[in-house]
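Following this line, the structure appears as structure tokens:
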């Protein structure tokens with residue numbers, strides 16, 4: 002199944018990238034290109050990462066820690 006239509010990347014290519022050590026969407030994009038263009042596939046890439054048990058850290062939007 003194609004995950005990234007912009008770059009023609011399949012779910013198997015993303016899975017291979019994750020198994021090779023890409024554990025964030027940015028790392029996957031760097032390795033195989035999925036998520037590097039328009040970004041519509043990043044949610045699917047993230048789901049593949051999570052299914053592999055190596056979920057990327059959650060980001061907190063708009064929340065700043067002040068000391």
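In this note's numbering, the protein residues as written are 2 to 68.
We treat Cβ as the ideally placed atom computed from N, Cα and C, and that holds for glycine.
It is roughly 7 angstroms from the alpha-carbon of residue 15 to the alpha-carbon of residue 33.
Residues 35, 42 of the same chain have their beta carbon placed closer than 6 angstroms to that of residue 5, with the five preceding and five following residues left out of the count.
Going by beta carbons, residue 37 and residue 30 fall inside the 7 angstroms limit. Residue 8 and residue 56 have their C-alpha atoms some 23 angstroms from each other. Here the alpha carbon of residue 25 sits roughly 7 angstroms from the alpha carbon of residue 50. Contact annotation: residue 53 and residue 10 have beta-carbon atoms that are not nearer than 7 angstroms.
Under the DSSP assignment, residue 4 falls in the beta strand (DSSP E) whose first and last residues are 3–5.
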